[in-house]
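Here's the structure we're looking at; comments come further down.
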Amino acid sequence: MSLHGSCLCGEVRFEIDGDFQNFYLCHCSRCRKDTGSAHAANLFSTTATLIWLSGTRLVKRFELAGTQHARSFCSQCGSALPGEQIHGALLVVPAGSLDDEPALGPEAHLCTASRAGWDRELESLTCFPGLPG
344 MSLHGSCLCG EVRFEIDGDF QNFYLCHCSR CRKDTGSAHA ANLFSTTATL IWLSGTRLVK
404 RFELAGTQHA RSFCSQCGSA LPGEQIHGAL LVVPAGSLDD EPALGPEAHL CTASRAGWDR
464 ELESLTCFPG LPG
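With our numbering applied, the sequence shown covers 344 to 476.
Here's what the structure looks like:
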């Protein structure tokens with residue numbers, strides 16, 4: 344399977360060639376800080392290949408000292424981008440960076456002991472198909 348993705352400003356484009364083994368929503372404090380949201384939504388693969396199609400000069404990587412936490416991002420717009428982790432053994436792809444819909448849906452919430460208190464009862468909130476008003 345081949346999926347395409349990009350950053351918010353559109354300068355960085357990429358292709359993922361291969362399949363994902365997992366799709367997790369991680370609520371750890373690092374992922375919450377990293378995304379600025381309730382959780383990270385990442386796809387994982389030990390076999391897929393990441394191909395940068397454009398904007399590679401804008402791709403930067405941050406590694407949190409003393410941990411295995413790392414993130415790749417566009418230095419122009421700040422969007423999260425795919426990156427290799429665990430010495431290249433694992434490809435981690437932020438689900439929101441994909442332009443195509445992955446075949447795999449989220450399968451589990453991780454690190455729920457670190458879940459933000461305000462993220463516990465979201466299912467009961469009013470839903471709007473677009474912006475309210």
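Glycine is no exception: its CB is placed at the ideal position from the N, C-alpha and C atoms.
Subject >> Expected contact under 8 Å - CB spacing of residue 350 and residue 454 to nearest Å >> reply: If you number the sequence shown from 1, residue 350 lands on position 7. If you number the sequence shown from 1, residue 454 lands on position 111. Residue 350 to residue 454, Cβ: 26 Å. No contact.
Original post:
For residue 375, which of helix, strand or coil comes out of DSSP?
Top reply: The sequence position of residue 375 within the sequence shown is 32, counting from 1. DSSP places residue 375 in helix when its eight states are reduced to three.
Original post:
Should residue 368 and residue 449 be called a contact, given that it needs their Cβ atoms to be closer than 7 Å?
Top reply: Walking along the sequence shown from the start, residue 368 turns up at place 25. Walking along the sequence shown from the start, residue 449 turns up at place 106. Yes, the Cβ-Cβ distance between residue 368 and residue 449 is below 7 Å.
Subject >> Buried versus exposed, by CB contacts within 10 Å (16 or more), residue 377 >> reply: Taking the first residue of the sequence shown as 1, we reach residue 377 at position 34. Flag for residue 377 reads buried.
Original post:
Who are residue 416's beta bridge partners in DSSP?
Top reply: By 1-based counting over the sequence shown, the position of residue 416 is 73. DSSP, once it has assigned bridges, lists 403, 423 as partnering residue 416.
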